[in-house]
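What follows is a short report on a single structure.
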Amino acid sequence: AAVSDLFDAVSITGGTITGITDLAVADGGTGGSTASAARTNLGLAIGSDVQAFDAQLADVAGLAVSDGNIIVGNGTNFVAESGATARASLGVAIGSDVQAFDADTLKADTADELTAGFSAAVHDAGTKSSGTYTPDVDDGNFQQAVNGGAHTLAVPAKNCTMVILYKNNASAGTITTSGYTVVDGDSITTTDGHEFFFYITRVNDGSSTFSLLTVKALQ
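Using the numbering used here, the final residue of the sequence shown is 219, and nothing's skipped along the way.
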């Protein structure tokens, strides 16, 4: 069935209206003949005026608002995690990934006072049988080496105090020192099995380097 307005040529057929312009927003309409146009005219354009539906945003909106929780992605969705759980997710768990704060931690550039003793591992510098041996304090302040042949002992490259336990083997040779400001102490023998403490101190005052080697025989 059809109802026709012969004067205005407006036709309503089965729920469809023809022969009329879109009703303006000011007149109570939308000013558009499509849903998209209607939203735009009403200031509701998706993506510019309003946010399009997003399942993940809906999930975020549904998270419990707990004090201290933060939102992180778990690879599938967004979840609210406590500080401890979030740190673990981010790979910064205290005590396993990062060091926990400790007021007693020594710092390289901060003066402090030790109230307990400590021990140090001994670095094995191996057998020296030729060439020049330059002790490296980065290997530790306590080191040991074997005199397995004639070689030269040079001054460490960095400021330090260190002790080297030298032991002769059957091939021990003369140890020649190079670069030391002062060398004193006992004579260095080449007898198999003889051992010595080499006490080394090296200091640069900003313009000159001073170094001391003191040898102490242990037999």
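Ideal placement from N, C-alpha and C gives every residue a C-beta, glycine not left out.
{"Asked": "Collapsed DSSP secondary structure at Leu-212 in the structure displayed", "Found": "strand"}
{"Asked": "Neighbourhood of Asn-204 by C-beta distance below 7 Å, restricted to the same chain and skipping five residues each side", "Found": "Asn-159"}
{"Asked": "Sequence-distant residues of its chain with Cβ nearer than 7 Å to Gly-43 (five each side left out)", "Found": "Asp-49"}
{"Asked": "Assigned secondary structure, Asp-224 (DSSP; H/G/I helix, E/B strand, else coil)", "Found": "There is no way to answer for residue 224, as the model of the chain reaches only from 1 to 219."}
{"Asked": "Run of the alpha helix (DSSP H) containing Val-60, from where it starts to where it stops", "Found": "55 to 61"}
{"Asked": "Cβ neighbours of Thr-176 in the same chain (closer than 8 Å, five flanking residues each side left out)", "Found": "Ala-150, His-151, Thr-152 and Leu-153"}
{"Asked": "Three-way DSSP call (helix, strand, coil) for Val-50 in this model", "Found": "strand"}
{"Asked": "Beta-carbon proximity check, Ser-208 vs Ile-200, cutoff 9 Å", "Found": "no"}
{"Asked": "Cβ-Cβ distance between Val-155 and Ser-178 below 9 Å", "Found": "yes"}
{"Asked": "Cβ shell of Leu-106 (< 7 Å), same chain only, five flanking positions each side left out", "Found": "Asp-112"}
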